[in-house]
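Enquirer: Following this message is one structure expressed as structure tokens.
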Ligand code: AMP
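Residue numbers (my numbering): 440 to 823.
Structure follows, in structure tokens:
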């Protein structure tokens, strides 16, 4: 018996259950295969990105007790690439198999109010915020937090959906009437210098591996590009690392966690949100690190040791979003230096993440804006 098996780690040949059928599940399954594991995917979609590369698939909804039970019976451990499973669904799975990260952590991250309350409880700064249950609560929140602000749904928001930036009280009232379900959260608008994120893994033995702090650029509310490492002072990057580690420890995480943050113009860092799963801003690690975020994720949930999160190259990751960008695929394949990742989605809808491209640079030699534009060729950054 190997050391890993003696310590209760999953042996090669074991089956990892992944809830969710998108690209995060696909890339997790590919990393798991390299470690000798099979992946079994639970997804409502028969031919989605993860199902295409998985050893087995259960087709079913995330709230379908019969499908969840059948899925759990076929796997050794359960993890997620899709977070929004109901508490009842999570309890059902957790009653049948080990679930990592734990349902408690998913519960915290699923709801902006619990998430922000958790951050406040452990002394991690966020934008000023208030829960808004009704119109009177909105007025009170506006007078406390001020304008401009961002009004957000507490659950199920992603890629900028379920939120509205508001500059006046009238706009806030109009947004309150449209956004659903209530309650909502009103957040002070952060005039950030840049957005940062850290992907951190924590193993079953409590060991932590955190990937370098990266910088994210969004376009129309969707991640467009990640720069690794972040082009910020070392001291700020180190503070972001410390915050991510602190959150992972306070949560008692087993698995992977992405922490999205704002770096204010005055140098303060505020946490925007957390996601206890592989994250789009960690895709660069596939090509720029010996063990990617997906491998770290699989290692953590399988009880394997975590290697250090080493960055052997600098990287720029560019998402391929919607029909316009995936239409460049033939050119991308012919462009020297662009590392292509296609998610296998049949239909390219507007705003849908279809793939990504990574461009590597020597370590500590990320070029400036023009160098990056030249290196990305047909995918060069565009203005807002
Ligand atoms: P979220 O859904 O909270 O991740 O927000 C999506 C994006 O909206 C963030 O990555 C930011 O670019 C922007 N955003 C969200 N909240 C705020 C805020 N309080 N202040 C400024 N920008 C924000």
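Quick reminder that beta carbons are idealized off the backbone N, C-alpha and C, glycines included. If you're wondering where the values come from, they're calculated on a predicted model, not measured in any experiment.
1. Taking the alpha helix (DSSP H) that residue 726 falls in, what are its first and last residues?
2. Would you kindly report the start and end of the unbroken alpha helix (DSSP H) that includes residue 555?
3. Is it buried or exposed for residue 770, if we count other Cβ within 10 angstroms and need 16 for buried?
4. Report yes or no: do three or more beta-carbon pairs, one from the segment 583 to 597 and one from the segment 619 to 626, lie closer than 8 Å?
5. Which residues bound the alpha helix (DSSP H) around residue 508?
6. Any heavy atom of the ligand AMP closer than 7 Å to the Cβ of residue 602?
7. Give me the Cα-Cα distance between residue 479 and residue 551, rounded to the nearest whole angstrom.
8. What first and last residue would you give for the alpha helix (DSSP H) that runs through residue 617?
9. Taking CB distances under 8 Å as the criterion, tell me whether residue 724 reaches chain B.
10. Just to confirm the assignment: which complete alpha helix (DSSP H) runs, minimum length 4, are found wholly within the segment 710 to 761?
11. Using the C-alpha atoms, what's the distance from residue 460 back to residue 489?
12. Just to confirm, is the Cβ distance from residue 538 to residue 531 under 8 Å?
13. Tell me the DSSP bridge mates of residue 655?
14. Where in the segment 575 to 600 do unbroken runs of the beta strand (DSSP E), each at least 3 residues long, occur, reported from the N-terminal end onward?
15. How is residue 492 classed by DSSP in three states: helix, strand or coil?
16. Any heavy atom of the ligand AMP closer than 7 Å to the CB of residue 754?
17. Let me check understanding here. Comparing Cα to Cα, which of 632, 683 and 659 lies closest to residue 651?
18. Return yes when at least one heavy atom of the ligand AMP lies under 7 Å from the C-beta of residue 824, else no.
19. Nearest to residue 655 by CA position, among 728, 604, 622 and 722, is which residue?
20. Would you call residue 450 buried or exposed, if buried means 16 or more other Cβ atoms sit within 10 Å of its Cβ?
21. Ignore the nearest five residues each way along the sequence and tell me which others in residue 448's own chain have a CB closer than 7 Å to its CB.
22. Let me know the secondary structure DSSP gives residue 707 once reduced to three states.
23. I'd like to confirm the pairing. Which residues does DSSP put opposite residue 801 in its beta bridges?
24. Can you look up residue 623 in the DSSP assignment and give me helix, strand or coil?
25. What would DSSP say about residue 545, mapped onto helix, strand or coil?
26. State yes or no: is the C-beta of residue 555 nearer than 7 Å to some heavy atom of the ligand AMP?
Expert: According to the data block:
1. 724 to 727
2. 551 to 560
3. exposed
4. yes
5. 504 to 512
6. yes
7. 30 Å
8. 608 to 617
9. The structure shown contains no chain B; it holds only a single protein chain.
10. 724 to 727 and 732 to 741
11. 5 Å
12. no
13. 634 and 665
14. 588 to 592
15. helix
16. no
17. 683
18. No answer is possible for residue 824: the residues shown for the chain start at 440 and end at 823.
19. 722
20. exposed
21. 741, 742 and 743
22. coil
23. 752
24. strand
25. helix
26. no
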